[in-house]
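Take the position in the sequence shown, starting the count at 1, then add 440; the result is the number in the numbering used here. Just so you know, even glycine gets a beta-carbon here, dropped at the ideal spot from N, CA and C. Bear in mind the structure is a predicted one, so any value in this text is a computation, not a measurement.
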Amino acid sequence: KLQQQSSELPGSDRQGSFLAYVLTPSAESPGICVRLFVTSNKKSGGLNRGKEILLRSIFLGYSRPDYLCGEDEEIMRLLKVAISNYHGQPLISGSMGYMTLQAMLPTGRCFWKNLENDALIKGEERQLEIEWGSNDQQEHRLDVRVAPQGVVVLSEPPLYIDPEEHKAGALQAPDFDSRQLKLLLQAPSIPQKHVDEFSKRMVIDIPEINLPPPTPVKTREISDIDPLPLLILYADEINGYTTHMIVVRFIYDEVQISPLLDGEHVVINGKKEIIRLSRSMESEEEALQQLSGMGLMPARELHGDDMVLYFHEDSQMESARKWHQFLEEEIPHLQHQGWRIIQDETFRLNFHDAEEWHAGIEEESQNNWFNLSFDITVNGKTIPLLPLVTQILQNYELDDLPETLTVSLEHNDYLKLPSKTVRPILKTLHELYDSASKSSDEKLRLSQFDAARIAEMESDGLFSIKGGEALRELGRKLRDFEGIEEVEPPATLQAELRNYQRQGLNWLQFLREYNLGGVLADDMGLGKTIQTLTHLLIEKKSGRMQSPCLIVAPTSLMGNWRREAQRFTPELSVLILQGSERHQHFDSIGEYDLVLTTYPLLSRDTEILLQHHYHYLILDEAQTIKNPRAKSARLVRTLKANHRLCLTGTPMENHLGELWALFDFLMPGFLGNIQFFNRHYRTPVEKHGETDKRRLLSKRVKPFMLRRTKGEVAKELPSKTEMIRSIPLGKQQATLYESIRLSMEQKVRQTIKSKGLARSHITILDALLKLRQCCCDPSLLSLEQAKQVKESAKLELLMDLLPELLEEGRRI
């Protein structure tokens, strides 16, 4: 029927011109292009050579050319879609190309290459054959052909053209689409030396393609095998730093794969064979989770196909600690599970133990300062300790240390330190390191105030300390008061000291011996005054008191100091610089043992007081200087004395800054400057509630503050003690008292004279009441002149005593 149709071609008997379609191989790429010719029938048979026209010329015309018939118009529309560019020729490709060729064949005007050939007709379905062949150059090349013969048309689905039989039809190629066929047709030749590797790559990279490789490839199947985890430890330079890492792989029947490979089924190019591997994804994931639980994380930088893990920590010290834990604890556990561990030669992390700990003390010839050096011995080499302590303190809180510390020495060497062993010494060093100045030769310059902490460090037994025997002895005494010599009160003391008072005397003498200041902070009524007077009496008896002792106290306590000195230590001469007549005694200050003055008078008498160098400078009710910016607080710091002592029952009333103020007067620098103290003690304790800082501060000041409460020494106290204090009236209050006394005396005398003594009791009692009210507080009086008096000696003393009494829990 097809042959019959071809013999009855439309246009074969047609008069005039008509359009013919010529299919030719494309010069640009594998494919078939369509050329258009306007031709006509020869009288002798066949077609004239005709004239080639472009597709665009047909569409640019204002009317349909005469050579077009109705079926041509549909083909023109299909060709217009298939054209590659404005000046180009349409290509038979893809699904549109398939539709175009199928439309052209029935016209009887579709030819192969030229119009001289017979028109193409629809042929039977044929088979695509693909096989490898070789040429004279021993190159392997794909032979893609139509069986038994024909040209492949890259349409979708593919077609063929048989130039010999002038047929076109369907091409059976079930494993390939037109895109793949195009690639096969363009495939280059494979040189003989590359053919084996090419064959393997075909099996690995395109295992799904139904195309045998040029040469046979040996394959092996691996399945139903649990993987063996493999860790390769190595080091690499990243951004100028040595980074230690781990490559993770899994071994299946001695075949190593990366966990980063996609898919459960993978193909591996072995040296002699291709391996098709079915992975156990569950086992691999379980192993990776185990490593993640140890803190290992994927490296940010890509390392090819390998999975690379490392310890990502904020500090080198913490990273080294994790490595040490991994090497010492985790690896043996993993090996016990059957994991394989390989350590590359680049992996050189070394962890060492400290063999010996040394401390050396060099005492300076003056100012009671000393240099303290710390060293450790590692592998026979002596290493300064302070830089290592710096590393630890910069990376960890002392109360949150890991079980083992790893401190960088040099290169890839680290010192491992058990926290349990070094924590006590670290705390001591932390205090010393914070408060001391550091020298360029890795030594701490400390004062004798820190002797107690040296003793604590020595008692830990970790360090072998050399030198500074006297300082270490002082430290032991400051630490626990053991070895403080007992002092016998002078025989001329007119009192019997209680046991706790004798201990206080011993402590005062101990501080004086080592040129240290202190705060005697016993409760009110426990005898701070008599302990101090006994201490000063010993100083006079020993001949050490070569200059007077200056005692600064509140105005209300002047009389109490004088009375107790006269009563208990009459050998001590006392001068009270108080009142308007005190100036007449300025020239004789140096002739007395005790010189008493008040805080308000300091500013007035500064010039005179600064002319003398005192044996002792003692502040009673020393909380008066709790504000270091107050004028009196600044003045007492300028006075010169061999020794300084503070007496107070309330060393701290409101905040820790008051404690700092006392010790800044006693021993400047002992607690650092105010900025250091606030940063290291006050703010952490008061704002953040850091008990450790509170403990450190308490521990530091403990040797220099002696405080006993009444509860602690109750057994030594009498059942009740009555203390009578005489309080001098201020100038205004005394003037008011005297005016009332004179006026009431005159009134009483007149009443007695006119009424007699028996009938004058009310007037006498009224006079006594007014005098008593004036002494207690002038505001109790209803007199007009009393309202002008703002002084009240008893009220002022009460306000001085109240804080101390309240802190001691007294009933008032």
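Measure the alpha-carbon distance for residue 752 versus residue 731 and round it to whole angstroms. 13 Å
For residue 809, list the residues DSSP reports as bridge partners. 887
Taking Cβ positions, are residue 1174 and residue 1187 nearer each other than 8 Å? no
Consult DSSP for residue 1216 and reduce its assignment to one of helix, strand or coil. helix
Considering only the beta carbon of each residue, do residue 1110 and residue 889 sit closer than 8 Å? Yes, they are a contact pair.
Suppose the cutoff is 7 Å on Cβ atoms and the five residues either side in sequence are ignored; what does the same chain contact list for residue 1071 look like? 1043
Sorted by chain position, which residues of the same chain lie with C-beta nearer than 6 Å to residue 1143's C-beta, five sequence neighbours on each side aside? 892 and 918
Specify the secondary structure class of residue 1025 as computed by DSSP and reduced to three states. helix
Identified DSSP bridge partners for residue 685: As DSSP reads the structure, residue 685 sits in a beta bridge with 674.
Just the Cα atoms here: how many angstroms apart are residue 1075 and residue 1201? Distance between the alpha carbons of residue 1075 and residue 1201 is about 53 Å.
Please report the straight-line C-alpha distance between residue 593 and residue 471, rounded to a whole angstrom. 6 Å
By the DSSP assignment, the alpha helix (DSSP H) with residue 980 in it spans what residues? 968-982
Residue 958, enclosing beta strand (DSSP E) - first and last residue: 958-960
Identify, in the order they occur along the chain, each residue of the same chain with its Cβ nearer than 6 Å to the Cβ of residue 570, setting aside the five sequence neighbours on each side. Shown here for residue 570: same chain residues with a beta carbon closer than 6 Å to its own, the five before and five after excluded, namely 584 in chain order.
Where do the ends of the alpha helix (DSSP H) carrying residue 618 lie? 618-626
Residue range of the alpha helix (DSSP H) that includes residue 830: 826-835
Measuring straight from C-alpha to C-alpha, what distance separates residue 827 and residue 1055? 43 Å
Below 8 Å between beta carbons: does that hold for residue 608 and residue 601? yes
Using 8 Å as the Cβ pair cut-off and three pairs as the minimum, do the stretch 1073-1092 and the stretch 959-969 touch? Flag = yes, the stretch 1073-1092 and the stretch 959-969 touch.
Look up residue 1098 in the DSSP assignment and say whether it is helix, strand or coil. helix
Can you tell me whether DSSP reads residue 603 as helix, strand or coil? coil
Exposed or buried, what is residue 457 when buried is set at 16 or more other beta-carbons lying within 10 Å of its beta-carbon? buried
Thinking C-alpha only, which one of 884, 784 and 1167 is nearest residue 830? 884
Looking at the secondary structure, which residues open and close the alpha helix (DSSP H) in which residue 937 lies? Note, residue 937: premise wrong, no alpha helix (DSSP H); not H, not E.
Segments assigned alpha helix (DSSP H), at least 4 residues, entirely inside the stretch 1090-1134: 1096-1106 and 1114-1117
Can the beta-carbon of residue 1107 be found closer than 8 Å to that of residue 956? yes
Suppose contacts are defined by Cβ-Cβ distances below 8 Å. Is residue 792 in contact with residue 811 by that definition? no
Helix, strand or coil at residue 657 [DSSP, three-state]: coil
Verify whether the separation of the beta carbon atoms of residue 1170 and residue 1224 is less than 8 Å. no
Taking its Cβ as the centre, do 16 or more other Cβ atoms sit within 10 Å of residue 526, making it buried, or is it exposed? Any reading at residue 526 must be qualified, since the residue scores a pLDDT of 49, below 50, and its modelled position is unreliable; the value itself is stated next. Under this definition residue 526 is an exposed residue.
In whole angstroms, what is the alpha-carbon distance linking residue 1053 and residue 1091? 26 Å
What does the Cβ neighbour count give for residue 1078, buried or exposed, with the cut at 16 atoms within 10 Å? Under this definition residue 1078 is an exposed residue.
When 540, 769, 953 and 667 are compared against residue 722, the one with the closest alpha-carbon: Check the Cα spacing between residue 722 and each of 540, 769, 953 and 667: the tightest is with 667.
Flag this pair as touching only if the stretch 1015-1027 and the stretch 961-977 have three or more C-beta atom pairs under 8 Å; answer yes or no. no
Assuming the contact rule is C-beta atoms closer than 8 Å, residue 757 and residue 847 should be a hit. Round their C-beta distance to whole Å, please. 7 Å
Residue environment, residue 1151, which counts as buried when at least 16 other CB atoms sit within 10 Å: exposed
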